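Asker:
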């Protein structure tokens, strides 16, 4: 191995050491209460050494986030390239996401409390917005890959409208994230309260959603599927959902209905009030 190759390997190893130390500090202290000095002590390097690799604490945090999301995206693509049956593919994608959450548990929890708007504002002020934009792009790719697998299940099941498939993807994704947030900090407390392990709860929550959008895969007739199944067009929220905007006519009709109902209730309340 040449001197140049050895030097490159040492730099990569030191960079990974710093990133791992930063992840531990962020997990303990949260992003806003962490400092470069704390990270340097955790990594057992000088403060100046960190600045040879990263421009700021925010740069460290976003680099960590970007690398973890990129690995997840690559895993999603590998699964989708195998062209499994729709339900099998989605279960593999969800399994990969669970593995990501397990590997990145503390980083994920830190991300949820980091306040990305504040990070963006600081980076923009310093002229370093590119790093934030990179994470945003990777996050969008991640959700699009997720939605692609969910959409295949919807298409094979009971959801034939592409707009409503996007809603289903968002609902399942948000539900699993919310479940992880609920169980991530104190799984023992969650187990005591619910009687379920976090892993069991995540699996059952996924099945609950899948039975709604693809009941026949579970031997359930469409007529007896879960009431949480996405409604048909013209019958509720799912009918007017669009990924990049709402259906104006439906929104206006709902607003007028709500307004009329409100007026009726107000009139009933006024009639019931005692008069002088």
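In this note's numbering, the protein residues as written are 19 to 294.
The beta-carbon is built from N, C-alpha and C at its ideal position, and this holds for glycine as well.
Remember, it's a predicted structure, so these values are computed and weren't measured experimentally.
Taking 7 angstroms as the cut-off, does the CB of residue 188 come closer than this to any heavy atom belonging to the ligand HEM?
Answerer: With respect to the ligand HEM, the structure shown offers nothing to examine, as it has no ligands at all.
Asker: Is the region 70 to 86 touching the region 96 to 107, taking contact as three or more C-beta pairs under 8 angstroms?
Answerer: No, they do not touch.
Asker: By how many angstroms is the C-alpha of residue 70 removed from the C-alpha of residue 194?
Answerer: 38 angstroms
Asker: Residue 165 and residue 184: beta carbons closer than 8 angstroms?
Answerer: yes
Asker: What whole-angstrom Cβ distance do residue 198 and residue 119 have, given they're in contact under 8 angstroms?
Answerer: 5 angstroms
Asker: Return the chain-ordered list of same chain residues with a C-beta closer than 6 angstroms to the C-beta of residue 124, the five sequence neighbours on each side being excluded.
Answerer: 45
Asker: Give a yes or no on whether 8 angstroms exceeds the smallest Cβ distance from residue 83 to chain B.
Answerer: Reference to chain B is not applicable here, since this structure consists of a single protein chain.
Asker: Leaving out five residues on either side along the sequence, give the residues of the same chain with a beta carbon under 8 angstroms from the beta carbon of residue 212.
Answerer: 219
Asker: Over the uninterrupted alpha helix (DSSP H) stretch that includes residue 43, give me the two end residues.
Answerer: Taken as a continuous stretch (DSSP letters only), the alpha helix (DSSP H) holding residue 43 covers 21 to 47.
Asker: My output table needs one value for residue 86: the three-state DSSP class, helix, strand or coil.
Answerer: helix
Asker: Just confirm the distance between the C-beta atoms of residue 63 and residue 36, as a whole number of angstroms; I'd bet it's less than 8 angstroms.
Answerer: Indeed, because the Cβ distance is near 7 angstroms, the residues count as touching under 8 angstroms.
Asker: So the alpha helix (DSSP H) residue 213 belongs to, where does it begin and stop?
Answerer: Here residue 213 belongs to no alpha helix (DSSP H), and DSSP marks it neither H nor E.
Asker: Measuring only the C-alpha atoms, how far is residue 42 from residue 159?
Answerer: 27 angstroms
Asker: Taking the alpha carbon of residue 173 as the reference point, which residue from 56, 117, 186, 122 has its own alpha carbon closest?
Answerer: Closest by alpha carbon: 186.
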